[in-house]
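Down below is the structure, laid out as structure tokens.
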Amino acid sequence: MSKIGINGFSRIGRLVFRAVLLKGAEVVPVNDPFIALDYMIHMFKYDSTHNEQKPEYVVEFTGVFTTTKKASAHFTGGAKVISAPSADAPIFVCGVNLEKYSKDMKVVSNAFCTTSCLASVAKVLHDNYEIVQRLMTTVYAVTATQKTADGPSAKDRRGGLGAAQNINPSSTGAAKTVCKVIPKLNLPAWPSLSLLLMCLWLT
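Under the UniProt record's numbering, the first residue of the sequence shown carries the number 1, and numbering increases by one thereafter.
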């Protein structure tokens, strides 16, 4: 039976925790550097730090430890899976390049939801036809980084507008990550765009 360690207990971390329990695998430690333990229990009930348990896999969901060096800090042993694109760790998308994975890899990234959607479609199109130029737009529901009401934004003025009343365009690195997953798609590109809406998630 695989042992799973979860670092980051927000939405994705809790969903994976439930899925792991349903599959009968063993979750050894659950950790979140930004949430108190009693609050973690409360959040899981309504909707331990990595140590001697020595899990086989650590799944990184904080969005902070996205490089090999940072993710490796969780443990001296055991494999680590990052749930976001990584600057230096190998990136894999099921059905696209998973055959390149080997068990000796200690830190890997499973990309991101947008990259997974885009890479799967792009692979089919490029394998059967040919993609000569790339451009992507993704439409998201409101994310945790958006403001609920108008307020100052250090990033850009548009980003300071309240999410419930505005469409807030933002840049995304999803297209660049696809090129890491499918290197032959490293083609001329236009800027990629992410649109953030109130109640829609469409890629």
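Glycine residues also receive a C-beta, built at the ideal position from the N, C-alpha and C atoms.
Quick caveat, the model's predicted, so the values are computed rather than measured.
If you check the CB distance, I91 and V181 come in under 9 Å. Taking 9 Å as the cut-off, the Cβ atoms of N166 and R157 do not count as close. If one requires a minimum length of 3 residues, the beta strand (DSSP E) runs lying completely within the region 87-152 are 107-109, 137-140, in chain order. When beta bridges are read from the DSSP output, K3 appears opposite E26.
The three-state secondary structure of I41, taken from DSSP, is helix. Its Cα nearest to that of V139, the residue A174 stands out among T148, V124, A174, G151. Per DSSP, N166 is not a residue of any beta strand (DSSP E), being assigned neither H nor E. Taking each of F112, N186, S170 in turn and checking the Cα distance to E130, the smallest one comes out for N186. Per DSSP, the unbroken alpha helix (DSSP H) holding T177 starts and ends at 174-181. For the set A119, L125, G162, the Cα lying nearest the Cα of K176 is the one of A119. The Cβ atoms of C94 and S116 lie closer than 9 Å to each other. In this model, S153 and T172 are separated by some 18 Å (Cα to Cα). By the C-beta density criterion, V124 is exposed, having fewer than 16 other C-beta atoms within 10 angstroms. One alpha carbon belongs to H126, the other to E99, and they sit about 18 Å apart. Under the three-state reduction of DSSP, I12 is assigned to helix.
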